[in-house]
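Residue numbers (the numbering used here): 3 to 249.
Take a look at the structure:
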């Protein structure tokens with residue numbers, strides 16, 4: 003009967019023991035189990051990958067088009083008031099409106115400079131073409147048979163100004179009667195034509211424009227209205243004068 007060598011019984015092969023020995027950098031199983039329970043990330047998990055780096059940089063890049071889009075909206079969208087005033091016949095405020103082209107007898111033109119209470123001057127050109135587009139009838143004609151824009155009434159001029167009211171002016175009045183026009187110190191009457199006030203055809207006609215307060219228009223009595231109290235007093239006075247007492 004063979005016997006087992008003592009080296010084998012004691013586990014004694016040195017090469018085998020070196021192969022089965024644990025490496026020096028091995029992590030004990032107890033520490034691995036503890037890290038898994040605490041959820042501690044490993045060194046490989048802590049490093050961001052290429053996909054993560056791209057994902058973090060995308061929000062910054064995505065915010066740039068948004069800011070650019072806002073800039074385009076602010077620059078492309080002009081104020082609504084300016085776009086509306088661009089189609090008006092009354093121009094924006096100007097400092098010098100003396101340089102105009104004089105109108106001839108065949109095409110008379112009435113150039114008006116509206117001087118506001120704020121001091122701003124606005125050019126306003128009245129000719130036959132403009133009045134025709136606004137469906138304004140010109141009662142009279144020139145000697146050459148052309149429609150005369152100087153024949154329109156002051157009230158018609160106020161109506162046109164109200165239709166061409168600019169947004170950078172004060173509050174728009176409710177009716178043309180609230181507009182007051184003064185030319186060479188004279189308050190222009192609504193019923194009179196422009197030619198009565200000797201509007202020039204060669205130079206701008208400066209017209210001071212102001213707006214009456216609405217409360218004054220409401221308090222002003224209508225033309226032809228009678229005060230019943232004063233009438234009663236007059237009747238009483240007439241009755242007392244006609245009474246004769248004889249003692």
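Every residue, glycine too, gets a C-beta built ideally from N, C-alpha and C.
When beta bridges are read from the DSSP output, residue 115 appears opposite 125 and 208. Annotated three-state conformation of residue 190 is coil, per DSSP. For the 9 Å CB-CB criterion, residue 111 and residue 127 form a contact.
Nearest to residue 118 by alpha-carbon distance, out of 192, 209, 144 and 214, is 209.
Just measuring C-alpha positions, the residue of 197, 188, 149 and 129 sitting nearest residue 211 is 188. Using a C-beta cut-off of 8 Å, the stretch 187 to 202 makes no contact with the stretch 163 to 177, since fewer than three inter-stretch Cβ pairs fall below that distance. The residue from 214, 177 and 176 with its alpha-carbon nearest to that of residue 184 is 214. Here residue 115 is buried. Its C-beta has 16 or more other C-beta atoms within 10 Å. If you look at residue 182, you'll find it in the beta strand (DSSP E) that goes 181 to 185.
Between the alpha carbons of residue 178 and residue 162 lies a gap of roughly 9 Å. Of the candidates 157, 180, 113 and 167, 113 places its Cα closest to the Cα of residue 200. Per the C-alpha coordinates, the member of 96, 158 and 190 positioned closest to residue 136 is 158.
Residue 168: not part of any alpha helix (DSSP H); DSSP gives it neither H nor E. Looking only at 134, 94 and 141, the smallest Cα-Cα distance to residue 121 is reached by 94.
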